[in-house]
Structure formats: structure tokens, C-alpha cells
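Quick note on the numbering used here: the sequence shown kicks off at 78 and runs consecutively.
Positions of the beta carbon are idealized from the N, C-alpha and C atoms, including for glycine.
Reading through the C-alpha cells given below for one structure.
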Amino acid sequence: MIQTQTPDCDALIVGAGMIGSACALALARQGLNVSVIDRDHLNQNAKAEPRRVSAINLASENILKRLEVWDEILASLPQTFERIEVQDEGSSGTISFDAADLGLTHLGHIISNEAMTRALHHSLDEKQRVFLRFGQAPTAIASSDSSVTVTLKTGEMISARILIGADGANSRVRELAGITHQESSYDHMAIVATVKPELPHACCARQRFLERGPLAFLPLANNECSIVWSADTEKAEQLLALEDEAFALELAEAFEHRLGSIQKVSPRAKFPLVRRHAVNYIGERIALIGDAAHTVHPLAGLGANQGFADAATLFEVISNASLQNRDLASRSVLRRYERWRRGENALVLRVMDGFHGLFGTDNPAVSRLRGLGLNLTDNAPLIKETLVRYAVGLEGDLPRLAHMP
Ligand SMILES: Cc1cc2nc3c(=O)[nH]c(=O)nc-3n(C[C@H](O)[C@H](O)[C@H](O)COP(=O)(O)OP(=O)(O)OC[C@H]3O[C@@H](n4cnc5c(N)ncnc54)[C@H](O)[C@@H]3O)c2cc1C
Numbered sequence: 078m079i080q081t082q083t084p085d086c087d088a089l090i091v092g093a094g095m096i097g098s099a100c101a102l103a104l105a106r107q108g109l110n111v112s113v114i115d116r117d118h119l120n121q122n123a124k125a126e127p128r129r130v131s132a133i134n135l136a137s138e139n140i141l142k143r144l145e146v147w148d149e150i151l152a153s154l155p156q157t158f159e160r161i162e163v164q165d166e167g168s169s170g171t172i173s174f175d176a177a178d179l180g181l182t183h184l185g186h187i188i189s190n191e192a193m194t195r196a197l198h199h200s201l202d203e204k205q206r207v208f209l210r211f212g213q214a215p216t217a218i219a220s221s222d223s224s225v226t227v228t229l230k231t232g233e234m235i236s237a238r239i240l241i242g243a244d245g246a247n248s249r250v251r252e253l254a255g256i257t258h259q260e261s262s263y264d265h266m267a268i269v270a271t272v273k274p275e276l277p278h279a280c281c282a283r284q285r286f287l288e289r290g291p292l293a294f295l296p297l298a299n300n301e302c303s304i305v306w307s308a309d310t311e312k313a314e315q316l317l318a319l320e321d322e323a324f325a326l327e328l329a330e331a332f333e334h335r336l337g338s339i340q341k342v343s344p345r346a347k348f349p350l351v352r353r354h355a356v357n358y359i360g361e362r363i364a365l366i367g368d369a370a371h372t373v374h375p376l377a378g379l380g381a382n383q384g385f386a387d388a389a390t391l392f393e394v395i396s397n398a399s400l401q402n403r404d405l406a407s408r409s410v411l412r413r414y415e416r417w418r419r420g421e422n423a424l425v426l427r428v429m430d431g432f433h434g435l436f437g438t439d440n441p442a443v444s445r446l447r448g449l450g451l452n453l454t455d456n457a458p459l460i461k462e463t464l465v466r467y468a469v470g471l472e473g474d475l476p477r478l479a480h481m482p
């Protein structure tokens, strides 16, 4: 234990990705002094292909609007989606959701991760209470009654009232704080690419469950689509080894030519898919958010949305404590955050496990039941509405920043 009387800042955030940056901005706007460090350098992958994008739901949109970065994000031309279609190859099952059925103009946006991070960094740069540094990583953490001190690779030390670990799936903060996590492979690899289909995507996010894993076509501007094709490792390696033309043919075939032929394919990237969940989200004066706390199969496009909700929730409990002149990182404050978010995220992980198991089998009886289930749900407006309201972030125990205006 070390004793530090006057911490260098109120909050130190490790990881300046989308989630850490959103949390930093929310805290700084509340008047707290925030330091953010990241091991990498600003937007070093800005021009990387394929573009990494996320389906951002209405709850995350509300958070980004309240942080006043939405206008800059809109300038990057994100694509709205007004409809979601899910189809199962192994049965005749289909289900679709329309924004209009909920009285909405859209169900979400497909946005480049880089555009979101850039907008958040621009806004952080303008804040006098924020110290943003790149090329820095922690090597040790020590907590006391009143502060937490992080030693950087350079030997420099930074103390803060709270340390927030937003440093992604292989979180060093999680490791240094001795927070254990459960980890298991989905035995799937996701292949991501930007493609240009022959037919208009019509602002629809499509997902087809194939025998060897789900394939999503997410609409982008200029009638391009970002595809996420998850498959067992053997199949994924085969797909990666194909020449562009052969890959385009196989992709169009796998998608039953629903968007016609595939006319252009960017370089492909692969992501091994691992399920992780931190056993605790908090330590002494420490909290984990985003992928540092949980990673989930991308089949429902929820990982970043869960992370934005973590950031907004942690901000809410910290700022409530701060406004009441209470210790912002006391055990009871951090426990409130953990209780609020761990349960919600555990539910998402369990539902995704269920989908993964249900759609990952070619057992004919299960396949028939699956098709029946999808078709029945498609014809049951109440169940359908409840499902989509959760998916787009209109329901659930959401933090204030995520509420609809
Ligand atoms: C194929 C695929 C598709 C996906 N699609 C969607 C989707 O459609 N919708 C959705 O909501 N989610 C989606 N996700 C999930 C989403 O991408 C993640 O949940 C999100 O990017 C997590 O953000 P983060 O800021 O928590 O972590 P990261 O983006 O990993 O950021 C972590 C930051 O910490 C930094 N860092 C790491 N280690 C250190 C260290 N030791 N010291 C200092 N800094 C460090 C890194 O440089 C990085 O800047 C998808 C994921 C995959 C794999």
C-alpha cells in the first residue's frame, strides 16, 4: 500500500479507444480532471482496409449526441439502417424488423470505429481538463485508501482517485489489478471486408445463419457493405486463402445472391472470436469498461454498444458521488456500477451463447424447430417488438445518457 495525499488527477483512463474516450469525455464535461493514456498512436490505422465498422444502436447514439460528438460523426457519412432481416439457411425461418413498425426513422447506424474515436479525440483535445497521451502503457498499479498510482513503462508515475481500465480484450489493467476473467473460444473466426454488391442494400442490415456460422451484410454509404463472415477456423482459413474473384463468387453464393453478384472486395481481415467476462468489474479504486470487461460474438453487433453503456453508467455513478461531495471511487460507488452493468452484460453473453448453440448445429430436428421459432416470432408482433426494442437500445436498465430525448 502506498499513500498519496494529492492525486495528479481525478480519473486516469487506460485505453483511448471508443469506450475509454467516451468515458473520459463524459467525466471531463462534468468538471473532473482526466488523464488518458494509450499504448498506440492517434489514428495510426486511419486508412486501414477493410474499414472496421460497428452497428451502433439508438442508446449509443443518444450517448454520443449528449457528448456532442454526433455532428462530427455524421460528417463521416455513416449509413442508417431502417430494417433488419435475419434468415436461417438450414430451415425456411426468417424474421424481419422495420423501424416504421416502432414509429422510428431508423434502427441504428453503421459507423466506422475510426470516425467515432476521431470525433471523441477531437473533443477531448479541446478540453482543458483532459491530458491525453499516446505511446504509454502501465507496468504496475498500487492502490491506497485515497488514490491509485500507475507506473508507466517510462518509470513515470501518475496518481488518480480512480483508475478506469478501457484497454480492450487483453486488458493489462485487468491483469495488473489481479481481476480474473472467464475465457472460452467460440471456435469461430470472423472475416471482415468491405464489398460492393450489384443490387441496392436498401438500408437493410442482413444476417444469414449458414451451417458453419453467421454471415452479415451491413449497409454502408455508396451502396457498399461491410461483411462479417464468422465460420469455424478451417472454413475461415479456406475463405481467406481464396483469390478476390473466387471469394466474391463464394460470398454471393452463400448469400443466395440476395444482393446479386459481388463486384468489388477489399482486403480481408480475420478476428478469432473469444468469449470473455471479467469475474469482477471493479478492484480497489479501479473499474473496467468495454472489452476489458467483456467480449462477445459479433453476431448481434452488441460489443461496442455494451461498452458505451458501461462508460455512461460508470460516469453516472461517479458524477452522482462527486456532485454529493462523496468519494467517487468508494467501494459502494463502484459496487453500484458493477451490479448495474455485470448483470446486463452477462445476459447478453448468455443470449449470444444460446444463438451460437442453436444456429451452430445441423441436427435436422433442431433446424426445423429453429425455422418454426423464427417464423412464429415473425408473426407475433408483441414478442417481435420486445426483441427489437432491446436490440436497438430502447429497453433495459439504461444509464441517463442513453435515454431517448
Ligand atoms: C468482427 C467484429 C465485429 C464487431 N461488430 C460490432 C458491431 O457491429 N457493433 C458493436 O457494438 N460491436 C461490434 N464489435 C465489438 C466492438 O468492436 C468492440 O466491443 C469495441 O471495439 C471495444 O472497444 P474498446 O474501446 O473497449 O476496446 P478497443 O477498441 O480494443 O480499445 C482499447 C484501446 O486500449 C489501448 N490499449 C490496449 N492495451 C493497452 C495497454 N496495455 N496500455 C495502454 N493502452 C492500451 C488500445 O491501443 C486501444 O486504443 C465487433 C467486434 C468484432 C471483432
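Within 7 Å, strictly: CB atoms of residue i and residue j
| i | j | result |
| --- | --- | --- |
| Ile-339 | Ala-323 | no |
| Leu-297 | Gly-337 | no |
| Cys-86 | Ala-388 | no |
| Ser-131 | Ala-381 | yes |
| Tyr-414 | Ala-364 | yes |
| Ile-90 | Ile-235 | no |
| Gln-205 | Ile-114 | no |
| Val-250 | Ala-237 | no |
| Leu-295 | Ala-282 | yes |
| Leu-141 | Trp-147 | yes |
| Ala-196 | Phe-392 | no |
The beta strand (DSSP E) enclosing residue i, as first and last residue numbers
| i | result |
| --- | --- |
| Val-240 | It is Leu, not Val, that sits at residue 240 in the sequence shown. From DSSP, the beta strand (DSSP E) with Leu-240 extends over 234-242. |
| Asp-165 | 160-165 |
| Leu-292 | 290-296 |
| Leu-89 | 86-91 |
| Val-373 | Here Val-373 belongs to no beta strand (DSSP E), and DSSP marks it neither H nor E. |
Residue i versus the options, residue with shortest Cα-Cα distance
| i | options | result |
| --- | --- | --- |
| Thr-231 | Leu-141, Ile-90 and Thr-216 | Thr-216 |
| Asn-299 | Ile-90, Ala-196, Thr-271 and Gly-245 | Thr-271 |
| His-199 | Asp-244, His-186, Glu-149 and Met-234 | Glu-149 |
| Thr-182 | Ala-325, Glu-288, Arg-160 and Arg-335 | Arg-160 |
| Ala-386 | Ala-398, Asn-357 and Arg-419 | Arg-419 |
| Thr-83 | Asp-222, Arg-143, Ala-370 and Ala-398 | Asp-222 |
| Val-394 | Gly-92, Met-95, Phe-432 and Gln-107 | Gln-107 |
| Arg-352 | Ala-370, Tyr-358 and Arg-335 | Ala-370 |
| Arg-362 | Lys-341, Pro-274 and Val-227 | Val-227 |
| Phe-348 | His-354, Ile-268, Leu-411 and Ser-168 | Ile-268 |
| Gly-255 | Thr-390, Ile-96, Gly-360 and Ser-307 | Gly-360 |
| Ile-366 | Val-469, Pro-344, Lys-312 and Leu-411 | Leu-411 |
| Ala-313 | Glu-288, Arg-128 and Gly-94 | Glu-288 |
| Leu-475 | Ala-125, His-118, Ser-137 and Leu-102 | Ser-137 |
| Gly-470 | Asp-117, Asn-134, Leu-102 and Ser-98 | Asn-134 |
| Arg-129 | Cys-302, Ile-172 and Ser-409 | Cys-302 |
| Val-428 | Leu-379, Glu-472 and Gly-384 | Leu-379 |
Endpoints, the alpha helix (DSSP H) within which residue i is located
| i | result |
| --- | --- |
| Arg-314 | The sequence given here places Glu at residue 314; Arg does not occur at that position. Its alpha helix (DSSP H) spans residues 310-318. |
| Gln-383 | 380-400 |
| Phe-286 | Counting along the chain, Phe-286 falls outside any alpha helix (DSSP H), though it belongs to the beta strand (DSSP E) covering 281-287. |
| Phe-324 | 321-331 |
| Arg-210 | Run containing Arg-210: none in the alpha helix (DSSP H); it sits in the beta strand (DSSP E), 207-211. |
| Ser-98 | 95-106 |
Identity of the residues DSSP links to residue i by a beta bridge
| i | result |
| --- | --- |
| His-265 | Leu-350 |
| His-258 | Ala-355 |
| His-186 | Ile-133 and Thr-157 |
| Trp-306 | Ile-268 and Leu-292 |
| Ile-363 | Leu-240 and Gly-360 |
| Phe-432 | None, per the DSSP bridge assignment. |
Proximity test, Cβ basis, 7 Å: residue i and chain D
| i | result |
| --- | --- |
| Pro-215 | No chain D appears in the structure shown, which is made up of a single protein chain. |
Which runs of the beta strand (DSSP E) spanning at least 3 residues fall entirely within the region 121-153, listed in chain order? 130-133
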